[in-house]
Amino acid sequence: MALIVSLPEAIAAAVRDGDTVAMEGFTHLIPHAAGREVIRQGRRDLTLVRMTPDVIYDQLIGAGCARKLVFSWGGNPGVGSLHRFRDAVEHSWPGPLELEEHSHAGMANRYVAGASGLPFAVLRGYSGTGLAGHPGIAEIVCPFTGERLTAVAALRPDVTVIHAQRADRAGNVQYWGITGVQKEAVLAAARSVVTVEEIVDVLDPRPGAVVLPAWAVGYVALAPGGAHPSYALGYSVRDNDLYVAWDAISRDRAAFGRWLDEHVYASERAEKTL
Amino acid sequence: MNGYTADEIMTVTASRALRDGMTCFVGIDLPSAAANLARATHAPNLVLIYESGTIGAKPGSLPLSIGDAVLAETADAVVSVPEIFNYWLQPGRIDVGFLGAAQIDKFANINTTVIGADYAEPKVRLPGAGGAPEIAASCGEVIVITRQTRRKFVERVDFVTSVGFGDGPGSRKYLGLTGAGPQKVITDLGVFEPDPVTCELVLTGVYPGVDVADVSEQTGWELRVSADLQPIPPPPESELAVLRDLLATLPKADREGAAR
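Top to bottom, those sequences are chains H and F. For reference, each letter of the first sequence is one residue, going 1482 to 1755 in the numbering used here. For reference, each letter of the second sequence is one residue, going 7 to 266 in the numbering used here.
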């Protein structure tokens, strides 16, 4: 049953050094406040899992939290490179970063397998690409038709972290808009943390909303604006200017260090502004 | 330039490759500009599908990412990420996919993963696959948009992220790829199309002021030119005006980047 706690308490309880951590949210509802809290608590040796590492994992990688990255597209959408990610891969700064690389369809299906309690999922994909045969990707023959298909290994994170619009006081979670792969990521994981824009008495129905029942969720923490610079439909807009500005911040190690000091380490009050 | 940039003629050319009523899997940057230009001009019933799960999006402004709110708010349906790939892309429901490329070879195989021969020690680490491998495999056809340089247009890509025609004739069938593969590669010099027999990219169109020698200079394999090479007319002011209005909706610092 979901426990409603503060964000620092949720991260301290659910995320441990060496864990495999999935923070999901496909452009929309990215759990940035939780990501900054993981940096602030100094977690190390994490295996970070996410379809699009995006700015959130650029920050965690640059801050030295990650040992390994499992991903399918590592860019700053519409802007260019993730420079902390590239610096780690190309120059091992601040430390070496092991990569496990997939396609979006592969990652999505790996979460589906994890959520379904199956060891693998099947798709028509990867055939002929350089990714075929990488860890977690193998050819399989259909037992009914003989067609050659691709099996992808289930993802089973130790903990999944997501951001949602709302929860009620029992810890039932509701989110809508672009719903991404968060339901699968939460159900695939052993533990989960959900940050929310607000906690309300009643979750009135919303078109296209996903509801995660309280008994399927670990921790719920209030974090208004916690998706910024991503957004929460109905609560905030995507801060596209910041995604553009991130290019210069992340390109330079010193500039990134100043950003960490100012917006992560200096004070919790920073959460209100970034 | 005669009143338009190389990016603008690329975008207009790509836009014209889309027919009204098609379903189109749209990537960000130039493909998104081209698809939205088509919808605003000759293809009002073009169905825009973004990998964020937004089906039938009708944005009035250009999104910066594939998941901007304007896509969800204007879509006919918003579905989950597993659903967009498994139910909509994989069975072949989407007519055309738009892809970019960091490297492309003469069989239209695409690399967006690493530059350099050694995957583990790349010279340049690129973003990776995203939705591209399955878009290249399962869309009815694929249109590639990319700037052309000799370093990008190579005999053989360093890493096959997305399969075009593999090793040549018969590869797609052998690999079980259900779509027809890349049917146009649109660059800032002109347009390539695959030879129906050899599957090799052949130059079929050039922009005003570009000659075959210019294209050959920027092609890293022995360029083949169609016997029916067509001059591509300059984009009319009316289409350029619509395109510029669309691009003006992006954040300032990114306008040039997004039209790249």
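Each residue gets a CB set at the ideal place from its N, CA and C atoms; glycine is no exception. Note that the structure is predicted; figures quoted are calculated from it, not measured.
For A123 of chain F, same chain residues with a beta-carbon under 7 angstroms away, outside a window of 5 residues either side, are D164 in chain order.
Residues of the segment 1595-1621 of chain H whose Cβ lies closer than 8 angstroms to any Cβ of chain F, in chain order: L1604, R1605, G1606, Y1607, S1608, G1609, T1610, G1611, L1612. Of all residues in the segment 98-118 of chain F, none has a C-beta nearer than 7 angstroms to a C-beta of chain H.
Identification of chain H residues near A40 of chain F by a Cβ-Cβ cut-off of 7 angstroms yields none; the smallest Cβ-Cβ distance measures about 15 angstroms.
When the Cα atoms are used, V130 of chain F and M1482 of chain H turn out to be separated by approximately 46 angstroms. The Cβ atoms of G226 of chain F and F159 of chain F sit closer than 7 angstroms to each other. Under DSSP, P200 of chain F forms a beta bridge with F:L207. Taking CB atoms only, V1662 of chain H has a neighbour in chain F less than 7 angstroms away. Considering only F:D35, F:P97, F:V216, the residue with the shortest C-alpha distance to L253 of chain F is F:D35. Closest option to M28 of chain F, judged by alpha-carbon separation, among F:E147, F:L209, F:R178, F:D217: F:E147. With a cut-off of 8 angstroms on Cβ pairs, the segment 1594-1604 of chain H is not in contact with the segment 148-157 of chain F, counting fewer than three such pairs. If you draw a 10 Å sphere on the C-beta of P1489 of chain H, you find fewer than 16 other C-beta atoms in it, and that means exposed. Contacts with chain F at 7 angstroms (Cβ-Cβ) do not include W1574 of chain H. Looking at the backbone, the Cα of G1556 of chain H and that of G1707 of chain H are separated by about 21 angstroms.
Put simply, the CB of A75 of chain F is near chain H, with a gap under 7 angstroms to one of its CB atoms.
Residues of the same chain with a CB within less than 7 angstroms of the CB of A81 of chain F, apart from the 5 flanking positions on each side, are T60, I61, G62, A63 in chain order. Think of a sphere of 8 angstroms around the beta carbon of T1508 of chain H: the chain F residues whose beta carbon falls inside it are S58, S71, I72, G73, D74, in chain order.
Under the criterion of beta carbons closer than 8 angstroms, A1651 of chain H and V1675 of chain H do not qualify as touching, at roughly 13 angstroms. Listed in chain order, the non-local C-beta contacts of V218 of chain F below 6 angstroms within the same chain comprise V231, local neighbours out to five positions each way being set aside. For Q236 of chain F, there are no C-beta contacts with chain H under 9 angstroms, since the nearest C-beta of that chain is about 31 angstroms from it. For the C-beta of F165 of chain F, the chain H residues within less than 8 angstroms are, from N- to C-terminus, G1611. Secondary structure note for D234 of chain F: its beta strand (DSSP E) is the uninterrupted segment 231-237. Partner residues in the beta bridge of V1551 of chain H, as assigned by DSSP, are H:V1530, H:E1581. The DSSP-derived three-state label of E1571 of chain H is helix. If only complete runs of 3 or more residues are kept, the segment 21-80 of chain F shows the beta strand (DSSP E) at 29-32, 53-56, 60-63, in order along the chain. Assignment of beta-bridge partners to G103 of chain F by DSSP yields F:F31, F:V148. Contact note: G196 of chain F does not reach chain H at a C-beta cutoff of 7 angstroms; the least C-beta distance is about 26 angstroms. Here E140 of chain F is buried. Its C-beta has 16 or more other C-beta atoms within 10 Å. In this structure, DSSP gives V166 of chain F a state outside helix and strand, which the three-state scheme calls coil. Here S1487 of chain H is exposed. Its C-beta has fewer than 16 other C-beta atoms within 10 Å.
By the rule that beta-carbons nearer than 7 angstroms mark a contact, A186 of chain F does not touch chain H.
Between I1643 of chain H and E1505 of chain H, the C-beta gap is smaller than 7 angstroms, which places the two residues in contact.
Cβ atoms of G98 of chain F and S168 of chain F stay farther apart than 8 angstroms, at about 16 angstroms.
Unbroken alpha helix (DSSP H) runs of no fewer than 4 residues, entirely contained in the segment 1627-1684 of chain H, are found at 1663-1669, following chain order. Around the beta carbon of T210 of chain F, a 10 Å sphere encloses 16 or more other beta carbons of the protein chains shown; the residue is thus reported as buried. When rounded, the separation of the alpha-carbon atoms in G103 of chain F and P37 of chain F is 9 angstroms.
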